Ligand code: GLY
Ligand code: MN
Ligand code: MN
């Protein structure tokens, strides 16, 4: 196979990992399959770390890295099987893993002896095992059993068990700083997602159901080549917007409802994460406008602030400060800003954080703190974050009656650059006039 940019990326990632696991052996099992019922499985998606290192999408596979041996990278994969391939499609097999996926050696995974023997052999030469404990009990048992076997093979040495390090932190650090190619893939996911949000603004009308909009989003995602959703779409009309993880998406949209959509397409294993809110009848009410403008002010100011040297905590504190000022201006909170923040008076209206890392996973991996976990980590070029403040006034909850039932969140995906940032989600408008004009354009 001709080496595409992609193949080279995976190879570079493996090289980088090997430099970080000196005298170590690392094991990455593929994501397990989950049975939905009888012989039907839930949709399969490869584990993000596994895919990041290999580009290999098949279940029942294992990656084995050994920094001590000449064979640094082995794969254990499903063997070719004509009957299974007839039902389920092409299986790459060990030969394919070597030829197209960079494995220096590859063996069938259906016979456990191949992995077990290779693992023990590698472990006997290693000082550290890199394996993610606590993620999969079957795998934990298998690894511990093999470690016991290996130590028995050593005879009476008195040596301790190999220390086990979680490779997720190493991978988290690697995945956190995006290469140019990764940033481009995220931008592609963001463009696809933005276009879907725009089409939702155009088609939504009072009387439609939330699931019709959910279906339109999915149509737009898949129609533009996205592999799947990055997470379950939240399509929340009216006060459903105040339920932060609303996924029922089955309510009828009423005339004066706002519709909050939090949805993201996954494109080649990188996901976008966009939230927009718009009036289903095409015009914000004065109360909706007031709350929307308050959130927009905080959101835009945080975007402006996001640059190397600032932390996610700085952005969150900044969002809180502006939202508290706005809540005071709207006479929802009374008191000094310092006191209101100190006593967390904003929590009933703003109960969540202002953003997170974004990448292969919507809540992407990577440390939020310094290496010693004692200070918030500063943003660096190549990181991609979301910025997503909101205000929520659940029906019959705290706050003035006129705002009850309004829930607003505005969420963009932002690439941190050397000079500041680049918003990847500008394709989804967030200014009131632009939104109203789109809503009335169909
Ligand atoms: N869609 C999940 C989030 O915004 O964090
Ligand atoms: Mn988010
Ligand atoms: Mn979101």
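Numbering (my numbering), first residue to last: 507 to 948.
Backbone N, C-alpha and C fix where the C-beta goes; we use that ideal spot for every residue, glycine too.
These numbers were taken from a predicted model, which means no experiment stands behind them.
Cα-Cα separation, residue i to residue j
i           : j           : result
residue 651 : residue 659 : 12 angstroms
residue 586 : residue 641 : 28 angstroms
residue 761 : residue 697 : 29 angstroms
residue 634 : residue 734 : 37 angstroms
residue 569 : residue 645 : 13 angstroms
residue 895 : residue 837 : 19 angstroms
residue 512 : residue 549 : 24 angstroms
residue 944 : residue 845 : 41 angstroms
residue 464 : residue 554 : No information on residue 464 is available, as it lies outside the stretch 507 to 948 that the chain covers here.
residue 888 : residue 850 : 33 angstroms
residue 862 : residue 588 : 44 angstroms
residue 582 : residue 738 : 32 angstroms
residue 930 : residue 730 : 17 angstroms
residue 673 : residue 610 : 21 angstroms
residue 628 : residue 797 : 60 angstroms
residue 509 : residue 595 : Because the pLDDT of residue 509 is 45, which lies under 50, any placement of that residue in the model is unreliable, and the question is left without a value.
residue 622 : residue 573 : 18 angstroms
residue 522 : residue 685 : 13 angstroms
residue 866 : residue 928 : 19 angstroms
residue 763 : residue 606 : 52 angstroms
residue 561 : residue 854 : 43 angstroms
residue 965 : residue 747 : Only positions 507 to 948 of the chain appear in the structure, and residue 965 is not among them; the question remains open.
residue 794 : residue 565 : 47 angstroms
residue 601 : residue 860 : 47 angstroms
residue 906 : residue 539 : 49 angstroms
residue 792 : residue 833 : 15 angstroms
residue 649 : residue 617 : 16 angstroms
residue 750 : residue 901 : 14 angstroms
residue 517 : residue 665 : 35 angstroms
residue 743 : residue 840 : 29 angstroms
residue 507 : residue 524 : Its pLDDT being 36, under 50, residue 507 is placed unreliably by the model, and the measurement read from it follows with that caveat. For residue 507 and residue 524, the distance between alpha carbons rounds to 24 angstroms.
residue 558 : residue 519 : 8 angstroms
residue 732 : residue 608 : 26 angstroms
residue 936 : residue 643 : 45 angstroms
residue 620 : residue 593 : 26 angstroms
residue 612 : residue 864 : 32 angstroms
residue 726 : residue 767 : 14 angstroms
7 angstroms Cβ cutoff, residue i in contact with chain B
i           : result
residue 528 : In the structure shown, chain B cannot be found, because there is only a single protein chain.
Residue range of the alpha helix (DSSP H) that includes residue i
i           : result
residue 808 : 792 to 811
residue 871 : Run containing residue 871: none; DSSP gives neither H nor E here.
residue 580 : No alpha helix (DSSP H) contains residue 580, which is instead part of the beta strand (DSSP E) from 579 to 583.
residue 606 : 599 to 607
residue 766 : Careful: residue 766 lies outside any alpha helix (DSSP H), inside the beta strand (DSSP E) at 764 to 769.
residue 826 : 818 to 835
residue 676 : 673 to 682
Near ligand 1: residue i beta-carbon under 6 angstroms from a heavy atom
i           : result
residue 737 : yes
Ligand 3 heavy atom lying under 6 angstroms from the CB of residue i
i           : result
residue 779 : yes
residue 720 : no
residue 917 : yes
residue 768 : yes
Any non-hydrogen atom of ligand 2 closer than 6 angstroms to residue i Cβ
i           : result
residue 772 : no
residue 842 : no
residue 577 : no
residue 931 : no
residue 894 : yes
Contact belief for residue i with residue j at Cβ below 8 angstroms, rounded distance in angstroms
i           : j           : result
residue 813 : residue 885 : 7 angstroms
residue 688 : residue 788 : With a Cβ gap of about 38 angstroms, residue 688 and residue 788 do not count as contacting.
residue 494 : residue 800 : In the structure displayed, the chain extends from 507 to 948; residue 494 sits before or after that span and is not available.
residue 695 : residue 740 : With a Cβ gap of about 17 angstroms, residue 695 and residue 740 do not count as contacting.
residue 532 : residue 636 : 4 angstroms
residue 632 : residue 530 : 6 angstroms
Limits of the beta strand (DSSP E) - the one that residue i falls within
i           : result
residue 915 : 912 to 915
residue 919 : 918 to 923
residue 928 : 926 to 929
residue 543 : 541 to 543
residue 785 : 780 to 785
residue 741 : 740 to 743
residue 568 : 568 to 572
residue 612 : 611 to 614
residue 534 : 530 to 535
residue 724 : No beta strand (DSSP E) contains residue 724, which is instead part of the alpha helix (DSSP H) from 716 to 729.
residue 649 : Careful: residue 649 lies outside any beta strand (DSSP E), inside the alpha helix (DSSP H) at 643 to 659.
residue 635 : 634 to 636
residue 899 : 896 to 899
Heavy atom of ligand 4 within 6 angstroms of residue i beta-carbon
i           : result
residue 558 : Here the bound small molecules are ligand 1, ligand 2 and ligand 3; ligand 4 is not part of this structure.
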